[in-house]
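Enquirer: From first to last, the protein sequence lines are chains C and S. Numbering follows our numbering, with no gaps: position 64 of the first sequence is 110. Numbering follows our numbering, with no gaps: position 149 of the second sequence is 166. Ideal Cβ positions, reconstructed from N, Cα and C, are used throughout, including at glycine. Take this structure first; my questions come after.
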Amino acid sequence: MTQRQYQAHIYVTLRRSVLDPAGTAVESGLKNMGYDNVTGIRIGKYVELSICASDEQQARNQLDRICDELLANPVIENYRFELTEVATVQKAEVNS
Amino acid sequence: MKFGVIVFPGSNCDRDLVWVTEGLLDQPTRLVWHQDTDIADLDVIVLPGGFSYGDYLRCGAIARFSRVMPEVVKHAERGKFVIGICNGFQVLTESGLLPGALIRNRDLHFICDRVPVKVENTRLPWTSTYDPGQVITLPIAHGEGRYYADADTLDELETNNQVVFRYCTPDGAIDAAGNPNGSLNNIAGICNRNGNVLGLMPHPERASDPVLGATDGIKLFESLLGAAVAAV
Numbered sequence: 047m048t049q050r051q052y053q054a055h056i057y058v059t060l061r062r063s064v065l066d067p068a069g070t071a072v073e074s075g076l077k078n079m080g081y082d083n084v085t086g087i088r089i090g091k092y093v094e095l096s097i098c099a100s101d102e103q104q105a106r107n108q109l110d111r112i113c114d115e116l117l118a119n120p121v122i123e124n125y126r127f128e129l130t131e132v133a134t135v136q137k138a139e140v141n142s
Numbered sequence: 018m019k020f021g022v023i024v025f026p027g028s029n030c031d032r033d034l035v036w037v038t039e040g041l042l043d044q045p046t047r048l049v050w051h052q053d054t055d056i057a058d059l060d061v062i063v064l065p066g067g068f069s070y071g072d073y074l075r076c077g078a079i080a081r082f083s084r085v086m087p088e089v090v091k092h093a094e095r096g097k098f099v100i101g102i103c104n105g106f107q108v109l110t111e112s113g114l115l116p117g118a119l120i121r122n123r124d125l126h127f128i129c130d131r132v133p134v135k136v137e138n139t140r141l142p143w144t145s146t147y148d149p150g151q152v153i154t155l156p157i158a159h160g161e162g163r164y165y166a167d168a169d170t171l172d173e174l175e176t177n178n179q180v181v182f183r184y185c186t187p188d189g190a191i192d193a194a195g196n197p198n199g200s201l202n203n204i205a206g207i208c209n210r211n212g213n214v215l216g217l218m219p220h221p222e223r224a225s226d227p228v229l230g231a232t233d234g235i236k237l238f239e240s241l242l243g244a245a246v247a248a249v
C-alpha cells in the first residue's frame, strides 16, 4: 500500500473579534522603538507536524479534524495550514 | 455526599479541596487520577485549579482528552454535580460542558489577589445559602481568566440566569473598575442550563478555612450539602 508523507505547517490565530492583549503590547513596544508605521499586530501559534496518508485529501481531512478538536479552539481561534509532500512510503500489507 | 477531586498532571489545588470537603465539612472524598474511569460512586466531581498538562497549547485543552473526561461528561449529563475551579473551569469550557472560553487577561498580568465578587443567582444548589446580590470576597490567581463568548452565547447566558458570579467593585457596582481581567460582562462564573455544572475562576476553597482569614467560599460547598439534604 502506498502511503505519502506530508509536512504540515499549521497557523492558529485569534479570531478578529477577540482582543489580543499580547499583540497590542508588542505594537506599543514597536511604537516606543519609533516604528509608527506598524499596526494590526496579532500573535498566534505555529505548529508543525508530519502526517502519513494515502493521498492529500485524506491528509487534509485529518488535519481539519486535528485542528478543530485540539490545536485550535473554534470559539476564539481560526486556523489554516500548508501541506507539502515530502516522501512516498511503500508499506508492506500486514497479514496479506 | 461523596466528592471526587480529579487529579490531572499539573493540578495543584486538589488537596486544598480535599481539605475543605473532607477536613472541614466531614464528607467522604477521594482523589481520582485522570486515567481512572470508574467514578460511579461519586456525587460531586471537582475539577481543581492548577496547570493541567502544563497548560501547553491552551489552558485545559489537553486535559479535555484525558481518559476520565468522558465519564465526567456522562456524570454531568445524568444531572449530577460537576464544579470546575480556575483551571477546572477552563477544562469545562474546552470540553463543551460550559460555553465560551477563558483567554489571556486584558492587561497580560498574572493576577493573584482577593477581589469582590457578586453572587448573581442564588436559586442554584451551589449558591442557596448566599443572599441574592451579596458581595463576597474570593481569591483569584490566573493569567488566562478573561471570559469570552460570542454575543449570542452571552445573550443566552444572561437570559437564562446562567451567570452565577460577577466581578464587581467593593460596593457591588458591575463596571470596568471592578473587572480585574477584562471578562465580558464581568463574568467570574457560569453554570450550564440545568444548573448542575458550575465553573468559576475565583477559588472558593482558598476562602473556606478560618485559619486563612477568609470564609466567604465555604458557603458554596455548604449550599451543595444543603441541596443534597433537601433532595432526600
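Among residues of its own chain, excluding the 5 on either side of S:HIS92, which ones have a beta-carbon nearer than 6 Å to its beta-carbon?
Expert: As a working note, residue 92 of chain S is residue 75 in the second sequence. Correct list, in chain order: ILE62.
Enquirer: In chain order, what residues of the same chain lie with their CB nearer than 7 Å to the CB of C:THR134, ignoring the 5 residues before and after it?
Expert: Counting from 1 along the first sequence, the entry for residue 134 of chain C is found at position 88. Result list for C:THR134: THR48, ARG50, in chain order.
Enquirer: Out of S:GLY162, S:ARG32, S:ILE153, which one is the CA nearest neighbour of S:ILE128?
Expert: Position 111 of the second sequence holds residue 128 of chain S. Out of S:GLY162, S:ARG32, S:ILE153, S:GLY162 has the C-alpha closest to the C-alpha of S:ILE128.
Enquirer: Spell out whether any CB of chain S is found under 8 Å from the CB atom of C:ILE97.
Expert: The residue labelled residue 97 of chain C in the question sits at position 51 within the first sequence. Cβ-Cβ to chain S under 8 Å: no for C:ILE97.
Enquirer: Please state whether the Cβ-Cβ distance between S:GLU222 and S:CYS76 is less than 8 Å.
Expert: Here residue 222 of chain S corresponds to residue number 205 of the second sequence, with the count starting at 1. Here residue 76 of chain S corresponds to residue number 59 of the second sequence, with the count starting at 1. The answer is no: Cβ separation not under 8 Å.
Enquirer: Starting from C:ASN124, follow its DSSP beta bridges and name the residues at the other end.
Expert: Within the first sequence, the letter at position 78 stands for residue 124 of chain C. Paired residues: C:THR59.
Enquirer: Would S:SER69 be called buried (16 or more neighbouring beta carbons within 10 Å of its own) or exposed?
Expert: Position 52 of the second sequence, counted from the first residue, corresponds to residue 69 of chain S. Buried, since its Cβ has 16 or more Cβ neighbours within 10 Å.
Enquirer: Counting C-beta neighbours from all protein chains within 10 Å, is the total for S:ARG121 16 or more, i.e. buried, or is it exposed?
Expert: On the second sequence, position 104 is the one that residue 121 of chain S refers to. So S:ARG121 ends up on the buried side.
Enquirer: Output yes or no for whether 8 Å exceeds the beta carbon distance between S:PRO142 and S:LEU241.
Expert: Taking the second sequence and counting its residues from 1, the one referred to as residue 142 of chain S is at position 125. Taking the second sequence and counting its residues from 1, the one referred to as residue 241 of chain S is at position 224. The answer is yes: Cβ separation under 8 Å.
Enquirer: State the Cα-Cα distance for the pair S:GLY230 and S:ALA224, rounded to the nearest angstrom.
Expert: In the second sequence, counting from the first residue as 1, residue 230 of chain S sits at position 213. In the second sequence, counting from the first residue as 1, residue 224 of chain S sits at position 207. Approximately 8 Å, taken between the alpha carbons.
Enquirer: What residue range does the beta strand (DSSP E) around S:PHE12 cover?
Expert: Nothing in the structure corresponds to residue 12 of chain S, since chain S is present only between 18 and 249.
Enquirer: Any residues in the stretch 117–151 of chain S with a beta carbon nearer than 8 Å to a beta carbon of chain C? Which ones, in chain order?
Expert: Answer in chain order: GLY117, ALA118, ILE120, ARG121, ASN122, ARG123, ASP124, LEU125.
Enquirer: Tell me the rounded alpha-carbon separation between C:SER142 and C:GLN103.
Expert: To locate residue 142 of chain C, count along the first sequence from 1; it is residue 96. To locate residue 103 of chain C, count along the first sequence from 1; it is residue 57. A caution first: C:SER142 carries a pLDDT of 45, below 50, which makes its placement in the model unreliable, though a value can still be read off. Near 26 Å, if we compare the C-alpha coordinates of C:GLN103 and C:SER142.
Enquirer: Identify whether C:SER142 lies in helix, strand or coil by the three-state DSSP scheme.
Expert: Locating residue 142 of chain C in the first sequence gives position 96, counting from the first residue. Note that C:SER142 scores 45 on pLDDT, short of 50, meaning its location in the model is unreliable and no value can be drawn from it.
Enquirer: Within the same chain, show all residues whose beta-carbon is closer than 8 Å to that of S:THR110, passing over the 5 residues directly before and after it, in chain order.
Expert: Locating residue 110 of chain S in the second sequence gives position 93, where the first residue counts as 1. Same-chain partners within the cutoff: GLY77, PRO116, GLY117, ALA118, LEU119, GLY216.
Enquirer: Mind pulling the beta strand (DSSP E) runs of 3 or more residues that sit fully within the stretch 86–158 of chain S?
Expert: You should have 98–102, 118–120, 128–136.
Enquirer: What is the residue span of the alpha helix (DSSP H) that C:VAL64 lies within?
Expert: Locating residue 64 of chain C in the first sequence gives position 18, where the first residue counts as 1. Neither: C:VAL64 is in no alpha helix (DSSP H) and is coded neither H nor E.
Enquirer: Apply the 10 Å Cβ neighbour rule to S:ASP107 and answer buried if 16 or more other Cβ atoms are within range, or exposed otherwise.
Expert: Sequence index remark: in the second sequence, residue 107 of chain S carries index 90 (1-based). First, the residue type needs correcting, since residue 107 of chain S is Gln and not Asp in the sequence shown. Its Cβ being crowded by 16 or more others within 10 Å, S:GLN107 is buried.
Enquirer: Using a beta-carbon distance cut-off of less than 9 Å, what residues from the stretch 115–135 of chain C approach chain S?
Expert: Cβ contacts with chain S: GLU115, LEU116, LEU117, ALA118, ASN119, VAL121, ILE122, GLU123.
Enquirer: Just grab the DSSP bridge partners of C:GLN49 for me.
Expert: Taking the first sequence and counting its residues from 1, one reaches residue 49 of chain C at position 3. Its beta-bridge partners are C:VAL135.
Enquirer: S:TYR165 touches chain C at which residues, Cβ-Cβ below 8 Å?
Expert: Here residue 165 of chain S is taken as the residue at index 148 of the second sequence, counted from 1. Within chain C, the residues near S:TYR165 are VAL64, VAL121, ILE122.
Enquirer: Tell me the DSSP secondary structure of S:SER240 in three-state form.
Expert: The residue given as residue 240 of chain S occupies position 223 in the second sequence. S:SER240 falls in the helix class under three-state DSSP.
Enquirer: Name the residue from S:GLY212, S:TYR164, S:VAL136, S:PRO227 whose alpha carbon lies nearest to the alpha carbon of S:PRO197.
Expert: Residue numbering aside, residue 197 of chain S sits at position 180 when the second sequence is read from its first letter. Out of S:GLY212, S:TYR164, S:VAL136, S:PRO227, S:TYR164 has the C-alpha closest to the C-alpha of S:PRO197.
Enquirer: Name the chain S residues that come within less than 7 Å of C:ALA68, Cβ to Cβ?
Expert: If you number the first sequence from 1, residue 68 of chain C lands on position 22. Near C:ALA68 (Cβ distances below 7 Å), the residues of chain S are ARG121, LEU125.
Enquirer: Identify whether S:VAL24 lies in helix, strand or coil by the three-state DSSP scheme.
Expert: Numbered from its first residue, the second sequence carries residue 24 of chain S at position 7. Three-state DSSP puts S:VAL24 in a strand.
Enquirer: Closest to S:MET218 by C-alpha separation, out of S:ILE23, S:PRO65, S:PHE25, S:CYS103, would be which residue?
Expert: The residue given as residue 218 of chain S occupies position 201 in the second sequence. Among S:ILE23, S:PRO65, S:PHE25, S:CYS103, the Cα nearest to that of S:MET218 belongs to S:CYS103.
Enquirer: Quick check: the stretch 164–173 of chain S against the stretch 78–91 of chain S, are there 3 or more CB pairs under 8 Å?
Expert: They do not touch, by the three-pair rule.
Enquirer: Measuring only between beta-carbons, confirm whether C:HIS55 sits less than 8 Å from chain S.
Expert: Stepping through the first sequence from its first residue, residue 55 of chain C is reached at position 9. Chain S contact via Cβ: absent.
Enquirer: If you follow the beta strand (DSSP E) that C:GLU94 is part of, which residue opens it and which one closes it?
Expert: Translated into positions along the first sequence, residue 94 of chain C becomes position 48. Where C:GLU94 is concerned, the enclosing beta strand (DSSP E) stretches over 91–99.
Enquirer: Give the range of the beta strand (DSSP E) segment to which S:ARG163 is assigned.
Expert: In the second sequence, the residue the question calls residue 163 of chain S occupies position 146. Here the beta strand (DSSP E) through S:ARG163 covers 163–165.
Enquirer: Taking the C-alpha atoms as reference points, what is the distance between C:HIS55 and S:ASN178?
Expert: In the first sequence, residue 55 of chain C corresponds to position 9, counting from 1. In the second sequence, residue 178 of chain S corresponds to position 161, counting from 1. C:HIS55 and S:ASN178: Cα-Cα distance of roughly 42 Å.
Enquirer: On a Cα-Cα basis, can you pick out the residue from S:ALA158, S:ALA244, S:PRO65 that is closest to S:ASP37?
Expert: Your numbering for residue 37 of chain S matches position 20 in the second sequence. The sequence as given places Val at residue 37 of chain S; Asp does not occur at that position. Of the candidates S:ALA158, S:ALA244, S:PRO65, the one whose C-alpha sits nearest the C-alpha of S:VAL37 is S:PRO65.
Enquirer: Leaving out the 5 sequence neighbours to the left and right, which residues in its chain are closer than 7 Å to C:SER63 when beta-carbon positions are compared?
Expert: Here residue 63 of chain C corresponds to residue number 17 of the first sequence, with the count starting at 1. Nothing meets the Cβ criterion.
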